[in-house]
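Protein chains in written order, with the UniProt record's numbering: chain A, 1 to 539; chain B, 1 to 539. Where is the CB? At the ideal position from N, CA and C, for every residue including glycine. This report refers to the structure that appears directly beneath it.
Number of protein chains: 2
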Amino acid sequence: MMQTPLTVGSLLERAEKFFAKKQVISQTHDKLHTLTYTEIGKRTRKLMSVLAELGVQKGDRVGTLAWNHHRHLEIYFAAPGIGSVLHTINIRLSPEHIIYIINHAEDKVLLIDEDILPLIEKIQGQLKTVEAFVVMTDKAELPESSLHPLYSYEELLHTGDPAFPFAADINENDPAGMCYTSATTGKPKGVLYTHRGIVLHSFALGLADTAAISESDVSMAVVPQFHVNAWGTPFACTWFGSTQVMPGPRFTPKRLAEFIEKFKVTITAGVPTIWLGLLKELEQGNYDTSSLRAVLCGGAAAPKGLIQAFEKKYKIPFYHAYGATETTPLVTFSRLKSYQQDLSDDEKLEERSRQGILVPGLEMKIIGNDGEVAWDNQEMGELCLRGPWIASEYYKDERSENAFTDGWFHTGDVVTVDEEGTIKIVDRTKDLIKSGGEWISSVELENALMAHDAVFEASVIAIPDKKWQERPIACVVLHEGYRDSVGKAELLEFLRPQFAKFWVPDDILFFDEIPKTSVGKFLKRQLREQVKEHYSLQQ
Amino acid sequence: MMQTPLTVGSLLERAEKFFAKKQVISQTHDKLHTLTYTEIGKRTRKLMSVLAELGVQKGDRVGTLAWNHHRHLEIYFAAPGIGSVLHTINIRLSPEHIIYIINHAEDKVLLIDEDILPLIEKIQGQLKTVEAFVVMTDKAELPESSLHPLYSYEELLHTGDPAFPFAADINENDPAGMCYTSATTGKPKGVLYTHRGIVLHSFALGLADTAAISESDVSMAVVPQFHVNAWGTPFACTWFGSTQVMPGPRFTPKRLAEFIEKFKVTITAGVPTIWLGLLKELEQGNYDTSSLRAVLCGGAAAPKGLIQAFEKKYKIPFYHAYGATETTPLVTFSRLKSYQQDLSDDEKLEERSRQGILVPGLEMKIIGNDGEVAWDNQEMGELCLRGPWIASEYYKDERSENAFTDGWFHTGDVVTVDEEGTIKIVDRTKDLIKSGGEWISSVELENALMAHDAVFEASVIAIPDKKWQERPIACVVLHEGYRDSVGKAELLEFLRPQFAKFWVPDDILFFDEIPKTSVGKFLKRQLREQVKEHYSLQQ
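Here it is in structure tokens:
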């Protein structure tokens, strides 16, 4: 067989050739843009020539600080297209972490959304490697800014070459992209994505048994493009010629609902908190969501109630998936097997609330206290992964050896597996509660609580306990209508029949909101401090 | 990213783990077998240990002479599983070609179906490298045979190790499979398939926009396993956990129709002549074919009438695909784009009678008289291909340089391309008719003739012409009911409004059948001789 490499550039080339008329619909600060893949292709090629003129060379990192829009899509292909590395930076991180990331990655050029300029202006003096700033704005004039040298994206494109070729000397194991984890403790850790990994991952997203991304799709990635490449959907959607809808900066649930109706979105991807927000909006408005064939949910476990609300009330198929920054990210996808169609509705919901089976192309093993766990839905163990889109290390980081040992990536996620091979995330290794020598899954308690009508969000953490080592405490946000009527006693009563006695939390605390990471996950570290503070104030 | 190789063994490992209960239903000479993937996995591992004991080493070729059944499936994984090469031998080739192929490939072991033993017994003396013969039989005793040493497949399996591991030292560019072209002239040419090529090709078969092979499928490959790995479907179906139905030796259209009904087949793949036969059977019987979601047709162009009969009359979606032995084989797949759903029924049929667009992962260029042709549906050129599942050469064959030049595989197929990028095979370079300096497509004339109610098959060939260089002659097989009522004049009249005057054949000859290659393609070389003879007899 021919030794032709798998390259990111080839994904866009296919869209240019075979889906020339298909569209990318992009909301920016100032307006809604509609571009064909022909236009996206020409603009990307212009951008490649411009980056080359700015001095970006093979292997250099090109950073982005941007929302989901077409310019961000263009740099997704332009940076790897010239052999450099697309480094998407999480704009929700602290300035301290952003400084660390940019310096650690040694970004040479930064492409920045207009509303993020102030953030970069403040830290400019601490950026050691950046040689040029590019503002991604619709406006004709450059904004006032202390950044220097500062270029306008559109101005640069005027001078670009619309026929600039994708680099021919790409080795498929060359890095194409890069993303840092949104670490809750310590410095963020960098992950390099190779051309090979991204292309194979795109194949995985197009399979009939996973997301089945197709030409006939209208895809709206709600998951940020600065977070694990929006789960790789911009790459796959471009390759397969899907229409792409990009909700742009600081979108609201209302905009999402409106876009779904207006552009007849068929597939959308995001974290549970986004879908909780959308659900609220759907309940308030009167939207036509009948075009949706799939809502993909990842980043954290979706409570059963959320799945049920989408499927029963709105007839919107809701799919759980699982992945991580280190895994490009798709690892498992939850879809009933053919013979599971005969299960009862409750059994189906139970199965679909799990994270699904491993997608083709990867290997997994689950390591418990005594080696690999049984597939019995009971034994808990850490999920370990291997495969061509699983990171082999953190970028220039000594912490690599903690997570990457024996050729496997140790995810830090604790799972059970049923006999179908379907995994269920029951916790993070660090969030598992160890009580009296037994493990308690904080996630299972959270899901059970969130299935209560009154509960909007729930996070369960461990507090130190002299007798039992650790004990669980539940932190709950109630839906507005229930704040006066539902209390601790009722929720504990609700939990008791569902769990062993020692699993039931010692206390339930009520909050107005639960602190979250920049990508919408519960920030348990901060929550633990708040709870600690709460109890010390009580004493 | 990790440097984990793409290997054929991993495809079956996934089925063993995640689809343990799913079934392979296999018809052999003596009975219908039903095996789970757990059983297939154990038997394959036993076979791997047995092959190793027979002395098969890494890189050695293991030949098969067999129909479509579960034992053939097991060797599909066992041979590459120990690092050796699965060499499927086309049992319909002449003994002379089979001898050539086995010696040229240097097959070390041959696995043979019982009814094919006599063929091998006759040529045994001329086989230079074969050290062991294995008969794939259900019977307890070995059949009488002059082959030596001769083993029974099932007897060998008794001694095998059901936990034998897949080889760990596979490089993904190692050869996993091998198939020789069914050459119409000269010696057959060998093509090596790599582990990488087969895995990537399997990804391509699972995409929502191609065959979308899925766990929920019941797949029946009618295309022989000895022909380009049954188009790769056994690999993909195993990986994705589909139920597989294998129609076994010397099947009839009746058996195919019965199996479709009985096992609720959802997808099936074969050449047009198979589907013409099935259509006849469906017209005679009263079969429930409602489970079928896709009939895949390749190997030769399907006439519009065939597509229409399946879709209109039986509501069976019919998909054209295109490939070759050198291309693993999937190259293009015909599926309407979303915006083509608005076309008229006639326009849709026209589009769907074309071979489709290039599947993700490959590159194509169409070379006409003056470089790359326009995508105007008019200009004809030779289809050239590049990609990780396209052969780079013929195995130890000097003829490689004719087909593999400048890094591209020159298919020998002449196509036009429309503005959607959809290709239409209009001829083989060697079958194109050159008349008065213009090209005439034999295939287009054939398709037009086969759209006539009276015509069962039509093949158009060139005969030498003093004035025009070449002129087309049509060779036609009429449906039985029409043999007395329809003649040359009516068919010519039928063609005239559809083509330029110089395209209309000079003559129409009627045949009882048209000679075909071992894989069901028209054997034009032989037809030309018959036609030559016909005219010389007339003179």
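Cutoff 8 Å: residue i Cβ touching any chain B Cβ
i             : result
residue 470/A : no
residue 317/A : no
residue 209/A : yes
residue 546/A : The question about residue 546/A has no answer here: the residues shown for chain A are numbered 1 through 539.
residue 337/A : yes
residue 196/A : yes
residue 239/A : yes
residue 213/A : yes
Boundaries of the beta strand (DSSP E) in which residue i is found, first to last residue
i             : result
residue 118/B : Counting along the chain, residue 118/B falls outside any beta strand (DSSP E), though it belongs to the alpha helix (DSSP H) covering 117-123.
residue 438/A : 438-440
residue 428/B : 423-428
residue 474/A : 469-478
residue 390/B : Premise fails: residue 390/B is in no beta strand (DSSP E) and is neither H nor E.
residue 177/B : 175-180
residue 319/A : 318-323
residue 275/A : Note, residue 275/A: premise wrong, no beta strand (DSSP E); alpha helix (DSSP H) at 272-284.
residue 63/B  : 61-65
Neighbour flag for residue i against chain A, beta carbons, 8 Å
i             : result
residue 4/B   : yes
residue 570/B : Here chain B comprises residues numbered 1 to 539, so residue 570/B is not present and cannot be evaluated.
residue 392/B : yes
residue 450/B : no
residue 1/B   : yes
residue 389/B : yes
residue 290/B : no
residue 522/B : no
Residue from the options with nearest C-alpha to residue i
i             : options                    : result
residue 154/A : 194/A, 104/A, 42/A         : 42/A
residue 483/B : 473/B, 511/B, 470/B        : 511/B
residue 376/B : 287/B, 134/B, 423/B, 382/B : 423/B
residue 292/B : 265/B, 167/B, 31/B         : 265/B
residue 431/B : 147/B, 447/B, 365/B, 525/B : 525/B
residue 81/A  : 67/A, 29/A, 170/A          : 170/A
residue 289/A : 305/A, 307/A, 262/A        : 262/A
residue 202/B : 320/B, 361/B, 313/B        : 361/B
residue 507/A : 319/A, 463/A, 272/A        : 463/A
residue 103/B : 257/B, 469/B, 116/B, 120/B : 120/B
residue 67/B  : 458/B, 221/B, 452/B        : 221/B
residue 287/A : 491/A, 316/A, 53/A         : 316/A
residue 494/B : 337/B, 450/B, 528/B        : 450/B
residue 501/A : 404/A, 472/A, 384/A, 284/A : 472/A
residue 441/B : 379/B, 217/B, 454/B        : 379/B
residue 283/B : 257/B, 296/B, 241/B, 269/B : 257/B
residue 474/A : 509/A, 63/A, 467/A         : 509/A
residue 354/B : 302/B, 386/B, 343/B, 390/B : 302/B
Cβ distance (whole Å) where residue i is taken to contact residue j below 8 Å
i             : j             : result
residue 253/A : residue 278/A : 5 Å
residue 366/B : residue 415/B : 6 Å
residue 477/A : residue 456/A : 5 Å
residue 334/A : residue 319/A : 6 Å
Enclosing alpha helix (DSSP H) for residue i [first to last residue]
i             : result
residue 10/B  : 8-18
residue 355/A : Neither: residue 355/A is in no alpha helix (DSSP H) and is coded neither H nor E.
residue 262/B : 253-263
residue 43/B  : 37-53
residue 211/A : Unbroken run through residue 211/A: none, as it is neither H nor E.
residue 157/A : 153-158
Interface residues of chain E facing residue i [CB-CB closer than 8 Å]
i            : result
residue 18/A : Given the protein chain composition of this structure (A and B), no chain E is represented.
Taking three-plus beta-carbon pairs below 8 Å as touching, is the segment 5-16 of chain A in contact with the segment 67-85 of chain A? yes
Validate contact between the segment 324-333 of chain A and the segment 162-175 of chain A using beta carbons, cut 8 Å, 3 pairs: no
Is it a yes or a no for the segment 119-135 of chain B touching the segment 99-107 of chain B, going by three-plus beta-carbon pairs under 8 Å? yes
Does the contact criterion of 3 or more C-beta pairs under 8 Å hold for the segment 84-94 of chain B versus the segment 215-227 of chain B? yes
Under 8 Å: do the segment 389-407 of chain B and the segment 188-196 of chain B share three or more Cβ pairs, one atom per stretch? yes
Touching by the beta-carbon criterion (3+ pairs, under 8 Å), the segment 19-28 of chain B and the segment 139-146 of chain B: no
Contact between the segment 151-168 of chain B and the segment 304-316 of chain B (3+ Cβ pairs under 8 Å): no
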